[in-house]
Amino acid sequence: MADLYTVNKSPFEKNSLESVIKFSTPGSAVLLIEDGVYGATKGTTAESMITAASDIKFYVLASDLKARGISGDRIIDGIESIDYAGFVDLAVANDKVQAWL
Amino acid sequence: MSDIKKFMYLNRRAPYGTIYAWESLEVVLIAAAFDQEVSLMFADDGVYQLVKGGDTSDSDMKNFMPTYRTLGDYGVRHMYVDQASLDARGLTTDDLIQVEWEDWETEEEVDNIVEAVDTDKVSELLAESEVVFSF
Chain C
2 MADLYTVNKS PFEKNSLESV IKFSTPGSAV LLIEDGVYGA TKGTTAESMI TAASDIKFYV
62 LASDLKARGI SGDRIIDGIE SIDYAGFVDL AVANDKVQAW L
Chain U
52 MSDIKKFMYL NRRAPYGTIY AWESLEVVLI AAAFDQEVSL MFADDGVYQL VKGGDTSDSD
112 MKNFMPTYRT LGDYGVRHMY VDQASLDARG LTTDDLIQVE WEDWETEEEV DNIVEAVDTD
172 KVSELLAESE VVFSF
């Protein structure tokens, strides 16, 4: 069974995203929220961390992207944008939710 | 106050996730009352503070981006952005807001005081500042 991990820190300021990718088991889901959404953008020095982690499904919270002026076309291919209801659905669908701060 | 000093506000944090960006903005606005030479520097995740098009209506947070556009009216003469920090984040100056400035006495106008500078220039600007506030 799989777990849902949330990351709420910018990948340029903390290594939370790097750590969750390193320690998560295959089939896990990672949801980028708050400043974590910067990790979902294309063309950054952090992009390859996500594109290389093919056994993890990535999600990003749409309202946090919107607040920061990041449009949908800037998001790395394969990352799914979800709303708050989608966040709840993910929490229910996974065995547990763990935050990487 | 007769002595005019060079003040630099160094912003290195993304907006919203922490309180730093908002606190910096508050201090800049307060300091505007004191007729000093005020510049702002945006580096590292601080460059995200100037990204245009943010809309916090779905996030239950105050959108303070419009306040940056008024800084020219508060005596801020320069808003520098570290080009290397933009590059690392896949951003260009086209992604950033523009801030107008006008000297009400001389009527001198500048269309946009937001300026991308290279690393050496960032170092130089920080070194020549007499007071640096770090956020």
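Chains as they are written, first to last, in the numbering used here: chain C, 2 to 102; chain U, 52 to 186.
All C-beta atoms, glycine included, are put in the ideal place defined by N, C-alpha and C.
All values derive from a computational prediction rather than experimental measurement.
Which listed residue (the options) has its alpha carbon closest to that of residue i
{"i": "I81 of chain U", "options": "U:V127, U:D54 and U:N114", "result": "U:V127"}
{"i": "E35 of chain C", "options": "U:Y99, U:A135 and U:Y131", "result": "U:Y99"}
{"i": "A53 of chain C", "options": "C:K15, C:F13, C:S11 and C:K23", "result": "C:K23"}
{"i": "G44 of chain C", "options": "U:F184, U:T143, U:V168 and U:D169", "result": "U:T143"}
{"i": "F186 of chain U", "options": "U:K57, U:H129 and U:W73", "result": "U:W73"}
{"i": "S110 of chain U", "options": "C:R69, C:S55 and C:D56", "result": "C:R69"}
{"i": "G37 of chain C", "options": "C:D56, C:F13 and C:S25", "result": "C:F13"}
Burial state of residue i, where buried means 16 or more other Cβ atoms lie within 10 Å
{"i": "F85 of chain U", "result": "exposed"}
{"i": "P27 of chain C", "result": "exposed"}
{"i": "V173 of chain U", "result": "buried"}
{"i": "V55 of chain U", "result": "The displayed chain sequence assigns Ile, not Val, to residue 55 of chain U. Its Cβ having fewer than 16 others within 10 Å, I55 of chain U is exposed."}
{"i": "S49 of chain C", "result": "exposed"}
{"i": "S17 of chain C", "result": "buried"}
{"i": "G73 of chain C", "result": "exposed"}
{"i": "A178 of chain U", "result": "exposed"}
Distance between residue j and residue i (C-alpha atoms, nearest Å)
{"i": "D95 of chain U", "j": "V89 of chain U", "result": "20 Å"}
{"i": "N9 of chain C", "j": "S75 of chain U", "result": "22 Å"}
{"i": "L61 of chain U", "j": "L147 of chain U", "result": "17 Å"}
{"i": "K1 of chain C", "j": "L102 of chain C", "result": "With chain C represented from 2 up to 102, any question about residue 1 of chain C goes unanswered, as that position is not in the structure."}
{"i": "D90 of chain C", "j": "M112 of chain U", "result": "24 Å"}
{"i": "E156 of chain U", "j": "G105 of chain U", "result": "34 Å"}
{"i": "M130 of chain U", "j": "A3 of chain C", "result": "46 Å"}
{"i": "R140 of chain U", "j": "N114 of chain U", "result": "22 Å"}
{"i": "V182 of chain U", "j": "F93 of chain U", "result": "16 Å"}
{"i": "L33 of chain C", "j": "Y6 of chain C", "result": "9 Å"}
{"i": "I71 of chain C", "j": "I164 of chain U", "result": "23 Å"}
Interface residues of chain D facing residue i [CB-CB closer than 7 Å]
{"i": "T45 of chain C", "result": "The structure shown contains no chain D; its protein chains are C and U."}
Validate contact between the segment 147-158 of chain U and the segment 83-92 of chain C using beta carbons, cut 8 Å, 3 pairs:
no
So, do the segment 91-100 of chain C and the segment 74-81 of chain C have three or more beta carbon pairs nearer to each other than 8 Å?
no
Would you call the segment 50-64 of chain C and the segment 60-71 of chain U touching, i.e. three or more CB-CB distances under 8 Å?
no
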